[in-house]
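Colleague: Numbering (this note's numbering), first residue to last: 3 to 900.
No residue lacks a Cβ here, since even glycine has one placed at the ideal position from N, Cα and C.
(1) Which residues in the same chain have their Cβ closer than 8 Å to the Cβ of residue 759, if we skip the five residues on either side of it in sequence?
(2) Less than 8 Å between the C-beta atoms of residue 107 and residue 93, yes or no?
(3) Among 508, 412, 431, whose alpha-carbon lies nearest the alpha-carbon of residue 379?
(4) From residue 768 to residue 722, what does the alpha carbon distance come to, in whole angstroms?
(5) Which residues does DSSP pair with residue 387 in a beta bridge?
(6) Restricting to runs no shorter than 3 residues, where is the beta strand (DSSP E) found entirely within the region 266–343?
(7) Please work out which residues of its chain come closer than 7 Å, Cβ to Cβ, to residue 180, disregarding the five sequence neighbours upstream and downstream, and give them in chain order.
(8) If we call anything under 8 Å between Cβ atoms a contact, is residue 330 one with residue 304?
(9) Which whole-angstrom value is the C-beta distance of residue 256 and residue 237, which I expect to be below 8 Å?
(10) With DSSP collapsed to three states, give me the class of residue 380.
(11) Within the continuous alpha helix (DSSP H) that includes residue 526, where are the two ends?
(12) Okay, do the region 412–422 and the region 385–393 touch, 3+ Cβ pairs below 8 Å being the bar?
(13) Does the Cβ of residue 720 have 16 or more other Cβ atoms within 10 Å, making it buried, or fewer, making it exposed?
(14) For residue 625, which residues of its own chain have a beta-carbon under 6 Å away from its beta-carbon, when the five flanking residues on both sides are left out?
(15) When the Cα atoms are used, what is the spatial distance from residue 312 to residue 326?
(16) Go to residue 252, then tell me how far its beta strand (DSSP E) extends in each direction, as first and last residue.
(17) With DSSP run on the structure shown, which of helix, strand or coil describes residue 241?
(18) Entirely within the region 751–796 and at least 3 residues each: give me those beta strand (DSSP E) ranges in chain order.
(19) Based on DSSP bridge pairs, tell me the residues matched to residue 591.
(20) Helix, strand or coil: how does DSSP classify residue 368 here?
(21) For residue 829, does the three-state DSSP call read helix, strand or coil?
(22) How is the alpha helix (DSSP H) around residue 717 delimited, first residue to last?
(23) Tell me whether the region 106–126 and the region 80–89 touch, counting them as touching only if at least three CB pairs, one residue from each stretch, are closer than 8 Å.
(24) Output the boundary residues of the beta strand (DSSP E) element that contains residue 621.
(25) Within 10 angstroms of its Cβ, does residue 319 collect 16 or more other Cβ (buried), or is it exposed?
(26) Might you give, ordered along the chain, the residues of its own chain that have their beta carbon closer than 8 Å to the beta carbon of residue 408, omitting 5 neighbours on each side?
(27) Suppose contacts are defined by Cβ-Cβ distances below 8 Å. Is residue 770 in contact with residue 801 by that definition?
(28) Roughly how many angstroms separate the alpha carbons of residue 297 and residue 337, rounded to a whole number?
(29) Hey, which unbroken runs of the beta strand (DSSP E) at 3 residues or more fall wholly within the region 388–438?
(30) Just tell me which of 82, 61, 58 has its CA closest to the CA of residue 51.
(31) Within 8 Å of any Cβ in chain B, is that where the Cβ of residue 344 sits?
(32) Compute the beta-carbon to beta-carbon distance between residue 706 and residue 745, rounded to the nearest angstrom, for a pair I have assumed lies under 8 Å.
(33) Mind checking who residue 443 pairs with in its DSSP beta bridge?
(34) Out of 127, 68, 34, state which residue places its alpha-carbon closest to the alpha-carbon of residue 57.
(35) Suppose you measure from the CA of residue 712 to the CA of residue 776; what does that come to, to the nearest Å?
(36) Could you say which of 403, 397, 367, 361 lies nearest to residue 376 if we only look at CA atoms?
Shown next, in the form of structure tokens:
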């Protein structure tokens with residue numbers, strides 16, 4: 003017995019000596035740096051990546067296997083672009099636990115870690131191949147005692163004559179663990195802790211063009227073991243190019259990683275961000291709760307989720323004092339099994355926009371959706387904006403049934419209200435709703451809606467408009483359709499709208515067919531405040547001209563326009579013109595058929611119109627209507643912000659009634675034809691006016707011209723000449739007067755328009771007393787809205803009675819020039835006395851007619867009665883009072899601005 007004990011003890015001593023000596027010899031002779039190239043060859047062979055180790059590899063074996071690496075980098079697959087690198091890393095592995103199939107790693111320290119993560123157009127990441135098993139290769143003669151660098155290096159020199167399954171040690175760690183069986187399933191990796199400093203993670207998605215990075219990344223963890231939660235804390239600086247981001251990101255929690263089952267979880271998660279994220283400026287953004295994700299089943303779970311945000315939104319609708327929260331005690335989304343479950347989900351958003359307060363709320367008490375059934379409590383959402391004008395929207399989805407393939411809601415209700423002052427407009431709409439999430443198909447088969455407008459200050463002021471229809475929205479097929487119909491006094495018709503995309507961009511098609519449509523009344527009903535009616539400003543000349551100046555005026559000498567009364571200035575253009583790029587991405591085809599239409603003050607019958615676009619070019623290819631005892635035809639091409647072409651024809655139409663309804667005045671009246679053609683270009687209103695070209699021709703019968711009575715003016719001239727010696731002459735007013743009219747038997751004329759200047763090509767007017775023509779050079783300045791026109795009036799002997807021939811014999815065969823000048827809103831009429839070729843008139847001028855006219859002008863200005871002005875003002879106001887909706891003139895002004 004003692005002999006065997008001595009022999010055994012001796013053998014152990016010898017074994018220990020051999021081990022120590024062998025280890026010493028190994029440490030003195032083994033150089034791990036000689037395997038750099040072999041390691042690089044293995045990585046290139048199995049993963050088609052380039053491994054570079056610029057620094058030294060330091061190795062120790064006892065009491066722990068220690069490894070220190072400097073300057074390591076790994077490229078992308080089949081590319082020289084870097085995937086990951088670090089400046090230095092060191093860790094130690096306990097030797098004895100390897101015997102028990104456990105990998106125990108001492109604290110791992112990494113500095114200067116960098117990674118470049120790329121997602122391609124199909125959604126794959128550039129590290130997906132590292133998580134998969136490499137292709138089947140030759141049997142490698144490796145040891146089974148843990149993962150060793152030396153056997154891996156020897157694998158590069160292994161014979162390649164047989165194709166067998168790779169050894170477990172040659173597989174990635176997740177596959178290695180997953181393929182362990184029996185006693186091998188007890189293999190565990192145990193890391194005492196990880197410390198990472200100076201890290202960077204760069205991210206680029208080719209799918210969504212997102213570019214961002216985590217800089218100055220620091221990570222510290224507790225003991226790390228697969229399948230067991232471990233503490234982790236990190237902080238970094240988030241920087242992004244698209245979307246723009248800049249801020250600090252910190253977080254902590256307990257992570258659980260199980261690569262074998264592809265399960266990942268975070269308990270007691272606490273993330274915080276402070277900084278800018280796209281158009282969000284977050285003073286504090288926090289996320290707390292517990293989350294878990296199973297990649298294999300694409301299953302996401304969250305419990306006690308709490309998200310809080312304080313900051314401001316800097317977008318096109320800026321929101322300050324922004325406070326938002328999202329909370330739910332339980333949430334589950336299982337994509338593979340089509341399972342969705344929410345409990346007590348609550349979303350709240352509050353903030354301010356200038357003088358308005360914003361309040362958004364969403365509540366989902368309970369929803370459970372599976373392939374077998376769907377059930378849940380009503381979903382309620384609301385939006386309220388309060389300020390000078392208060393409006394709100396409410397949405398309720400109730401009666402959920404069906405399954406994950408087809409969700410059915412018994413009723414979807416939408417309530418809306420707008421209030422300003424005492425005026426309130428309300429919208430109520432409801433319909434059953436069908437939704438197929440997989441096909442992205444939403445149907446509202448029976449829409450019943452009602453729009454109500456009432457004035458709380460007037461108990462009898464109430465209007466209600468019922469609507470009915472349906473909607474079919476199929477995003478999967480890119481087809482959207484809706485129909486609405488109404489049968490009230492102001493609107494009797496049906497509107498069909500469809501949007502579809504056949505690969506060339508969306509096409510919007512709309513057809514409106516109505517028996518009656520009163521847009522003016524509907525507009526006045528739905529306007530929360532009626533526009534203020536402002537009569538044209540009076541032109542008051544406070545300065546009294548000198549006697550000499552009056553004489554020159556009476557003598558026909560033109561006076562320059564008063565600088566104190568400039569022409570109507572063009573309104574200031576927007577600093578930034580509107581963008582119409584959205585027209586390039588879609589097309590539309592709008593058709594209208596209305597039996598009776600009232601719009602912009604005009605009443606028309608049998609209206610037909612069609613509007614299409616080709617990119618940003620909008621084409622009104624057809625507009626026809628019966629109106630004012632005649633016919634109207636129009637065509638137009640508009641490229642917003644660039645050019646405009648307009649063609650308008652009026653045939654046998656009562657022009658005065660049209661102008662009175664459309665513009666609020668009837669300066670020109672008569673029945674006949676009008677042909678207008680205009681084209682222009684430019685980005686601003688001023689540019690468009692300066693580039694305006696085209697022509698206008700008209701031929702009217704039995705009409706009138708408001709603001710002057712030429713026949714009476716000629717009679718007054720005759721009386722002034724005959725009574726010049728006695729000093730008693732009639733009052734000759736040079737200003738326009740809306741109460742005076744020139745009766746026209748016929749009016750013919752045409753204008754040539756070029757660069758904003760309208761020149762008279764011809765002009766002939768026949769009155770009961772006169773034949774009137776326009777002198778050469780007469781023009782209208784459309785840019786400054788000034789007139790420079792000289793009319794030549796001659797007696798029409800064929801229309802004079804015997805008494806008129808006798809009383810007007812001094813003016814027979816005499817042309818009387820009447821000069822019209824000044825701004826359109828305050829035209830001035832001057833008789834050019836010295837240009838009248840009549841001996842009688844010349845003698846009257848020599849006898850002091852000009853002095854009498856000068857005295858008359860001074861007395862008229864000093865004694866102008868307020869009653870006349872009040873009467874004119876009241877007449878204008880009476881005509882404008884019925885024009886609560888915008889007039890056609892205002893619409894044309896807005897058109898030119900755009």
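Modeller: To lay it out plainly:
(1) For residue 759, the CB contacts under 8 Å within the same chain, skipping 5 residues up- and downstream, are 781, 782, 783, 784, 785 in chain order.
(2) yes
(3) 412
(4) 24 Å
(5) 360, 393
(6) Runs found: 282–296, 301–315, 321–336.
(7) Residue placement at residue 180 is poorly supported in this model, since its pLDDT is 40, which falls under 50; the coordinates are not used for a value here.
(8) yes
(9) Wrong, their Cβ atoms sit about 17 Å apart, outside the cutoff.
(10) If DSSP states are grouped into helix, strand and coil, residue 380 belongs with coil.
(11) 521–528
(12) With a cut-off of 8 Å, the region 385–393 and the region 412–422 count as touching, because enough Cβ pairs lie within range.
(13) buried
(14) Result list for residue 625: 611, 636, in chain order.
(15) 7 Å
(16) Segment 246–260, the beta strand (DSSP E) holding residue 252.
(17) Looking at residue 241 - three-state DSSP - the assignment turns out to be strand.
(18) 759–768, 772–776, 781–783
(19) 511, 614
(20) Three-state result, residue 368: strand.
(21) coil
(22) 712–724
(23) yes
(24) 619–629
(25) Exposed: under 16 other Cβ atoms inside 10 Å.
(26) 436, 437, 438, listed in sequence order.
(27) yes
(28) 10 Å
(29) 392–404, 409–422, 425–438
(30) 82
(31) No chain B is part of this structure, which consists of one protein chain only.
(32) Between the beta-carbon of residue 706 and that of residue 745 there is about 5 Å, and that keeps the pair under the 8 Å contact cut.
(33) 438, 476
(34) Cα-wise, what sits closest to residue 57 is 34.
(35) 14 Å
(36) 403
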